[in-house]
Amino acid sequence: MFEILRREEMANGTVVLNEISAPLIAKKARPGQFVILKANETGERIPLTMADTDSTRGTITIIYQVVGKSTALFKSMNLGEKFQDIIGPLGSPTHLEKVGTVACVGGGTGVAVLHPITRGLKELGNHVIAIIGARTKDLLILEDKMKAASHELFVCTDDGSYGHHGFVTDVLKDILEKEDVKLVVGIGPVPMMKFLCKVTEEYKVKTIVSLNPIMVDGTGMCGCCRVTVGGKTRFACVDGPEFDGHQVDFDELMQRLNSYKEEEAVAYEKFKCECKTA
1 MFEILRREEM
11 ANGTVVLNEI
21 SAPLIAKKAR
31 PGQFVILKAN
41 ETGERIPLTM
51 ADTDSTRGTI
61 TIIYQVVGKS
71 TALFKSMNLG
81 EKFQDIIGPL
91 GSPTHLEKVG
101 TVACVGGGTG
111 VAVLHPITRG
121 LKELGNHVIA
131 IIGARTKDLL
141 ILEDKMKAAS
151 HELFVCTDDG
161 SYGHHGFVTD
171 VLKDILEKED
181 VKLVVGIGPV
191 PMMKFLCKVT
201 EEYKVKTIVS
211 LNPIMVDGTG
221 MCGCCRVTVG
231 GKTRFACVDG
241 PEFDGHQVDF
251 DELMQRLNSY
261 KEEEAVAYEK
271 FKCECKTA
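Residues in the sequence shown are numbered consecutively from 1, following the working numbering.
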């Protein structure tokens, strides 16, 4: 169990896809839910929202960006190797319903999380407009899958190397001016989600975001994943990971995400040195 059956590198090797054998999780998982993975006995517990599931094959798919020691360790695992532990599905699934026109907006690896939600909304009969973005063309992921999962797809790059030259929020604003959008789903870096919510608030459009704060146990026991939503403390692992974007305190979330930045950098450098000498 938890064997890596498929492995694919994306975005110049900075993003990795793993399809993993996890039949019990695949059977129960729904769009928007996450798992917590541990590479080995001494590894860190890492929460990742599933990018896809296949109950027939008994697999789940995760897509992650290599940003530190633990994700670098994940990347070093080869086909046929097994994760020590995977716990899930965790969190509340996305509430999918037919509402009309929906805009699904993703940035970076947030596109991976957005994909099954976009597909689910389309399958229910919504008119789905997808907007995906990255810093540059080489860092874009899942363009073909997002095109298939939506009725319209807009692609943005910060540097103008592909698609619209600018941010996903620029395109979203144009769409909100022209279309009667009933729901916006935004998933990506915290600054992106913050400014996306500012845009949709101006147009009074319901907006859902998916949060990925620091997390340890994933069951609400430790309190590490607490976020302030509507002035109240919520736990992303059990109350989320999705929340009303207009109620989220994004500034507090960004501050908490940077709490262990220095320690993470030291651990990553140590890991890279150990790999070189191994």
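The beta-carbon is built from N, C-alpha and C at its ideal position, and this holds for glycine as well.
On the three-state DSSP scale, how would you describe residue i?
i	result
residue 209	strand
residue 10	strand
residue 153	strand
residue 28	helix
residue 217	coil
residue 185	strand
residue 38	strand
residue 244	strand
residue 62	strand
residue 197	helix
residue 175	helix
residue 147	helix
residue 190	helix
residue 98	coil
residue 15	strand
residue 170	helix
residue 142	coil
residue 67	coil
Considering only the alpha carbon of each residue, which of the options lies closest to residue i?
i	options	result
residue 112	69, 63, 95	63
residue 209	243, 51, 179, 234	243
residue 90	50, 77, 66, 121	50
residue 238	133, 247, 222	222
residue 174	193, 199, 159, 121	199
residue 16	193, 146, 7	7
residue 24	72, 247, 1	1
residue 227	213, 220, 168	213
residue 197	92, 106, 3	106
residue 46	178, 192, 69	69
residue 42	83, 48, 22	83
residue 38	11, 72, 9	72
residue 231	246, 224, 225	246
residue 142	4, 3, 9	9
Can you tell me where the beta strand (DSSP E) holding residue i begins and where it ends?
i	result
residue 54	52-54
residue 127	127-134
residue 89	85-90
residue 103	101-107
residue 235	232-235
residue 48	46-49
Span of the alpha helix (DSSP H) holding residue i?
i	result
residue 110	110-123
residue 252	250-257
residue 76	Neither: residue 76 is in no alpha helix (DSSP H) and is coded neither H nor E.
For chain C, find out if any of its Cβ atoms is closer than 8 angstroms to the Cβ of residue i; answer yes or no.
i	result
residue 4	Of the chains in the structure shown, none is chain C; there is only one protein chain.
With DSSP as the reference, please indicate the residues paired to residue i in a beta bridge.
i	result
residue 2	DSSP, once it has assigned bridges, lists no residue as partnering residue 2.
residue 20	4, 60
residue 228	233
residue 165	157
residue 82	3
Should the region 247-259 be regarded as contacting the region 44-64, the criterion being three or more beta carbon pairs within less than 8 angstroms? A contact between stretches requires three or more CB pairs, one per stretch, nearer than 8 angstroms, and the region 247-259 fails this requirement with the region 44-64.
Would you call the region 22-36 and the region 114-121 touching, i.e. three or more CB-CB distances under 8 angstroms? Result yes; three or more Cβ-Cβ pairs closer than 8 angstroms.
Give a yes or no on contact between the region 119-131 and the region 147-154, applying the rule of three or more CB pairs nearer than 8 angstroms. The region 119-131, when compared against the region 147-154, does touch it at the 8 angstroms Cβ threshold.
When you compare the region 97-104 with the region 52-59, are there three or more beta-carbon pairs, one atom per stretch, that lie closer than 8 angstroms? The answer is no - the region 52-59 does not touch the region 97-104, with fewer than three Cβ pairs under 8 angstroms.
Are the region 70-89 and the region 159-177 in contact at 8 angstroms, needing three or more beta carbon pairs? Segments in contact, no.
I'd like to know if the region 201-220 and the region 176-189 are in contact, where contact means that at least 3 CB-CB pairs between them fall below 8 angstroms. Here the region 201-220 lies against the region 176-189, with 3 or more beta-carbon pairs under 8 angstroms apart.
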